[in-house]
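Down below is the structure, laid out as C-alpha cells.
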Amino acid sequence: MAALAAAQLAFLAARGPLRLEAPRTVYSNGHPAQRAAEPYLLFLREVRGIVPAGATVRIRAARSAENSVPAFYMAIGLLPEQRVASSLPELRAPGEADFVACYGGECAEPGYREARRLAGGTLYERIH
Amino acid sequence: MIGLRFFLGIAALPVLGWPAVRWLAPEAERTARLAIAAAAGAVLLCGEMFAASLLGLDWNAPLLLAPIAVLWVIGAAAGREKSSGQSARAGAAAVLALAVSAAGVGLVAFAAATGRSTATDFLLFWGPQAQDFAQTRRIDIAFLAAPANYYMHPDYPPELPCLDAWAMLVAGRFAWGAALLELPLFLALSAAAFWGFARRALGSRPAAEWTALLVLLLGYCLTVSMSAGAAEPLLLFFEVVALAALVFGGSGALGAAALALAGCALTKVEGLAFSLFVSAAFCADRRRGGSIGRCLALLALPAAGVALVWVFFCARHGLLDIYRGGGRLHPEYFGIVLRELPAAGRYEAGYLPWLVVGTALAAGLRRGLELRAGLVAILFFLFTVYVYLHMSVEPTQWIAWSASRLLLTPLTALFFAAAGAAKPFSPWGERT
Numbered sequence: 248m249a250a251l252a253a254a255q256l257a258f259l260a261a262r263g264p265l266r267l268e269a270p271r272t273v274y275s276n277g278h279p280a281q282r283a284a285e286p287y288l289l290f291l292r293e294v295r296g297i298v299p300a301g302a303t304v305r306i307r308a309a310r311s312a313e314n315s316v317p318a319f320y321m322a323i324g325l326l327p328e329q330r331v332a333s334s335l336p337e338l339r340a341p342g343e344a345d346f347v348a349c350y351g352g353e354c355a356e357p358g359y360r361e362a363r364r365l366a367g368g369t370l371y372e373r374i375h
Numbered sequence: 008m009i010g011l012r013f014f015l016g017i018a019a020l021p022v023l024g025w026p027a028v029r030w031l032a033p034e035a036e037r038t039a040r041l042a043i044a045a046a047a048g049a050v051l052l053c054g055e056m057f058a059a060s061l062l063g064l065d066w067n068a069p070l071l072l073a074p075i076a077v078l079w080v081i082g083a084a085a086g087r088e089k090s091s092g093q094s095a096r097a098g099a100a101a102v103l104a105l106a107v108s109a110a111g112v113g114l115v116a117f118a119a120a121t122g123r124s125t126a127t128d129f130l131l132f133w134g135p136q137a138q139d140f141a142q143t144r145r146i147d148i149a150f151l152a153a154p155a156n157y158y159m160h161p162d163y164p165p166e167l168p169c170l171d172a173w174a175m176l177v178a179g180r181f182a183w184g185a186a187l188l189e190l191p192l193f194l195a196l197s198a199a200a201f202w203g204f205a206r207r208a209l210g211s212r213p214a215a216e217w218t219a220l221l222v223l224l225l226g227y228c229l230t231v232s233m234s235a236g237a238a239e240p241l242l243l244f245f246e247v248v249a250l251a252a253l254v255f256g257g258s259g260a261l262g263a264a265a266l267a268l269a270g271c272a273l274t275k276v277e278g279l280a281f282s283l284f285v286s287a288a289f290c291a292d293r294r295r296g297g298s299i300g301r302c303l304a305l306l307a308l309p310a311a312g313v314a315l316v317w318v319f320f321c322a323r324h325g326l327l328d329i330y331r332g333g334g335r336l337h338p339e340y341f342g343i344v345l346r347e348l349p350a351a352g353r354y355e356a357g358y359l360p361w362l363v364v365g366t367a368l369a370a371g372l373r374r375g376l377e378l379r380a381g382l383v384a385i386l387f388f389l390f391t392v393y394v395y396l397h398m399s400v401e402p403t404q405w406i407a408w409s410a411s412r413l414l415l416t417p418l419t420a421l422f423f424a425a426a427g428a429a430k431p432f433s434p435w436g437e438r439t
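Residue numbers (the working numbering), protein chains in the order written: chain A, 248 to 375; chain B, 8 to 439.
Here you go:
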C-alpha cells in the first residue's frame with residue numbers, strides 16, 4: 248500500500264507544482280503531448296469569445312502540418328455555440344465559413360479579411 | 008456554480024436509483040446500497056435517455072425525472088425495506104484503513120482536479136458527444152453519422168455521454184473541469200461497493216484493508232493511464248459492483264450484479280465481453296445454488312439485451328463500426344502484441360500494480376483463490392490480445408493509446424481473485 252501511495256505522490260509531483268488550483272486547461276498538467284496542445288486550447292477559448300453563436304468557423308493552422316482530426320474534434324468540443332468546419336480536405340464541408348480561425352500565425356485567404364489579431368493566431372471574417 | 012451543478016448532477020445518481028435497491032439487493036449493507044443505487048441511477052437514466060431518443064422525445068428534466076418519481080412512489084407504497092442487518096462496529100484498525108481509502112480518493116481527486124489525469128479522448132469525443140447530445144436533447148444520430156465525425160466512434164455505447172449530457176442539462180453548460188471529477192467520484196463509489204459487500208464476508212478489519220488496497224491500486228492506475236473524463240472510471244465502477252456482489256454478496260445480490268453487468272455493456276464495447284465472461288465464470292460454479300441456466304439468464308441477459316438494442320439502433324441508423332467486427336486475424340501482429348502489451352502494463356512504476364496484486368495472490372494461494380474471478384481475468388486478457396490481433400492497422404500505436412486502460416479490467420479481476428481467497432467466513436454459508 249505504501250509503495251502505491253508513494254508512486255501516486257511521485258506521479259503527481261512530476262506533473263506539476265503541488266498546488267490546489269484549477270489548471271488553465273484540462274490538458275495543462277497532463278502528459279507532455281497534452282501540454283503541447285495547451286496554446287491551441289487557449290486559442291479556441293479566444294475564438295469562442297469573439298465568434299457569434301450560430302456562425303460557422305473553419306479552424307486551420309498556419310503550419311498546415313498542424314491541421315489534424317484531433318485539432319478539429321477539440322474545436323467541436325470547445326466551440327459549442329458555433330458551427331465548426333475543418334480545413335482538412337477530406338473533412339471539409341461544402342459552403343463557405345463565416346469565419347476562419349487561423350492558429351499559430353496568419354493564413355489570409357481570398358474572400359476573407361482580417362477581423363482580429365489573437366494571442367494564439369488570427370481571426371478572419373468573410374467579405375460579403 | 009456551473010461546475011458544481013454539473014458535478015451534483017452526477018453525484019445525485021444514488022438518489023435517482025435508490026428505490027431500485029430494494030429489488031436488486033434487499034439485504035445489502037448501507038454502503039453497498041449506496042453504490043448499487045448509483046449504478047441503478049446511471050443505468051436507469053441512460054435507459055430513459057435512450058428510450059426517449061428512440062421515441063423522438065426531446066430530453067428535459069421533467070421527462071427524465073418522472074419515471075424515477077414513479078419508482079419512488081412505488082417504493083414508498085411497498086413500505087419500509089427489509090432491514091439490512093447490523094454489521095459489527097468497525098474497530099480502530101478498520102477506521103484507520105478506511106481513512107487511508109479516503110486519503111487515496113483525495114489524491115485521485117487532486118490529480119483529476121488539476122488536470123494530471125485527463126484522458127486525451129475526453130476532449131476528442133467523450134465530451135463533444137455528450138455536449139452535442141445535451142444541445143440537441145437526444146442521442147444525435149446526425150452528429151454521430153456525419154462522415155467528418157467518424158473518428159468519434161459513432162457506435163460506442165451511450166452510457167457516459169448520456170450521463171454527462173444529463174449533468175449538462177442540470178448545469179446549463181458543459182463543465183469540462185467538473186466532468187474530470189467523475190474519476191474520484193466513481194472510485195469512491197467502487198470503494199463503497201467493495202466495503203459494503205466484503206464487510207460481512209471478511210469482517211470489518213480485513214474488508215477495510217482490502218478496500219484501502221483497491222482504492223490505492225485503481226486510483227493509481229486510473230491516474231497514470233489518464234482516465235479522467237473517459238469511460239474507464241465508470242466501467243470499473245460497474246465491474247467492481249458486479250464482482251463484489253458475486254464474490255461476497257451471495258445469491259441475494261444477483262440482481263445487483265446483473266444490473267452492474269448491464270451497466271458495463273452500456274458503457275464500453277469491452278464491457279459486454281466482461282459481462283459475458285463474468286456470467287459464464289460465476290454461473291458455472293454450482294456452489295451458488297440454482298440451475299446454471301437460470302443464473303446465466305439472470306446475469307447475462309440484461310447485459311446482452313441492452314447491447315443488442317444498442318447495436319440494432321446503430322445498425323438501423325448506419326452507425327455500426329466496431330460492433331460490426333469481422334476484422335481479419337493478423338497472426339503477424341502476435342510479436343507486436345507480445346512486445347507492446349507488457350510495456351503498456353508498466354503503469355510508469357515498473358509493474359508495481361501487478362506486483363502488488365501478484366503478492367496478494369501468492370498470499371491467498373494457501374486459502375484457495377477466488378478462481379472464478381481469476382478465470383474472468385484470463386478470459387479478458389485473451390480477449391484483449393484477440394482484439395489487437397484483429398486490428399485493421401498495425402497495432403503498436405493503438406496498444407500504446409489504449410492497453411493500459413484495457414488491462415485495468417484483468418487487474419481488477421485478479422484483485423478479486425486474491426481478496427476472495429481471504430474470506431474467513433461467509434454469513435451465507437456458501438463457502439468457508
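Ideal Cβ placement from N, Cα and C applies to all residues, glycine included.
DSSP-derived helix/strand/coil call for residue i
i, result
"Val394 of chain B", "helix"
"Ser333 of chain A", "strand"
"Arg364 of chain A", "strand"
"Ile374 of chain A", "coil"
"Tyr274 of chain A", "coil"
"Pro264 of chain A", "coil"
"Gly256 of chain B", "coil"
"Gly270 of chain B", "helix"
"Cys354 of chain A", "coil"
"Ser433 of chain B", "With a pLDDT of 38 at Ser433 of chain B, under the threshold of 50, the modelled position of that residue is not reliable, and no figure is offered here."
"Leu413 of chain B", "helix"
"Leu289 of chain A", "helix"
"Gly10 of chain B", "helix"
"Ser311 of chain A", "helix"
"Gly16 of chain B", "helix"
"Ser399 of chain B", "coil"
"Glu328 of chain A", "coil"
According to DSSP, residues forming a beta bridge with residue i
i, result
"Cys169 of chain B", "BP columns for Cys169 of chain B are empty, so no partner."
"Ile306 of chain A", "A:Ser333, A:Ala348"
"Tyr330 of chain B", "BP columns for Tyr330 of chain B are empty, so no partner."
"Thr369 of chain A", "A:Cys349, A:Arg364"
"Tyr359 of chain A", "A:Arg373"
Buried versus exposed, by CB contacts within 10 Å (16 or more), residue i
i, result
"Thr274 of chain B", "buried"
"Phe204 of chain B", "buried"
"Gly352 of chain A", "exposed"
"Leu167 of chain B", "buried"
"Phe341 of chain B", "exposed"
"Asn67 of chain B", "exposed"
"Gly375 of chain B", "exposed"
"Ser399 of chain B", "exposed"
"Leu368 of chain B", "buried"
"Thr366 of chain B", "exposed"
"Arg359 of chain A", "The sequence as given places Tyr at residue 359 of chain A; Arg does not occur at that position. With 16 or more other Cβ atoms within 10 Å, it is buried."
"Ser298 of chain B", "exposed"
"Gly63 of chain B", "exposed"
"Glu339 of chain B", "exposed"
Listed by chain order, chain C residues near residue i by CB distance under 9 Å
i, result
"Pro417 of chain B", "Chain labels in this structure do not include chain C; the protein chains are A and B."
Any non-hydrogen atom of the ligand FMN closer than 7 Å to residue i Cβ
i, result
"Met56 of chain B", "This structure simply doesn't include the ligand FMN, nor any ligand for that matter."
Quiz prompt | Length-filtered (4 minimum) alpha helix (DSSP H) runs lying within the region 336-378 of chain B | solution = 341-351, 359-371
Practice problem: Let me know the alpha helix (DSSP H) ranges lying completely inside the region 120-203 of chain B, each 4 residues or longer, listed in chain order. | Solution: 134-143, 148-152, 166-178, 183-187
Self-check item: the region 219-237 of chain B touching the region 110-121 of chain B, judged by at least three CB pairs closer than 8 Å
Solution: yes
Practice problem: Mind listing, in chain order, the continuous alpha helix (DSSP H) runs of no fewer than 4 residues lying wholly within the region 210-237 of chain B? | Solution: 211-231
Quiz item: Can we say the region 314-334 of chain B touches the region 67-76 of chain B, given the rule of at least three CB pairs closer than 8 Å?
Solution: no
Practice problem: Could you tell me whether the region 402-421 of chain B touches the region 352-366 of chain B, where touching means 3 or more Cβ pairs closer than 8 Å? | Solution: yes
Quiz item: Is the region 205-221 of chain B touching the region 297-308 of chain A in the sense that three or more CB pairs, one from each, lie closer than 8 Å?
Solution: no
Quiz item: Three or more beta-carbon pairs under 8 Å between the region 114-133 of chain B and the region 185-195 of chain B, yes or no?
Solution: yes
Quiz item: With a cut-off of 8 Å, do at least 3 Cβ pairs link the region 307-319 of chain B to the region 258-271 of chain B?
Solution: yes
Exercise. Could I get the ranges of all uninterrupted alpha helix (DSSP H) runs contained in the region 37-110 of chain B, with 4 residues as the minimum, in chain order?
Key: 37-62, 68-84
Quiz item: Between the region 148-166 of chain B and the region 313-330 of chain B, do three or more beta carbon pairs fall short of 8 Å?
Solution: yes
Quiz item: Taking contact to mean at least 3 C-beta pairs separated by less than 8 Å, is the region 126-141 of chain B in contact with the region 317-325 of chain A?
Solution: yes
Quiz item: Within the chosen definition, does the region 14-30 of chain B reach the region 45-55 of chain B through at least 3 CB pairs nearer than 8 Å?
Solution: yes
Exercise. Check whether the region 249-264 of chain B touches the region 28-44 of chain B, taking contact to mean three or more Cβ pairs, one atom from each stretch, closer than 8 Å.
Key: yes
Quiz item: Are the region 133-147 of chain B and the region 205-216 of chain B touching by the rule of at least three beta carbon pairs closer than 8 Å?
Solution: no
Exercise. Assess, as a yes-or-no matter, whether the region 269-289 of chain B is touched by the region 240-248 of chain B under the definition of 3 or more beta carbon pairs within less than 8 Å.
Key: yes
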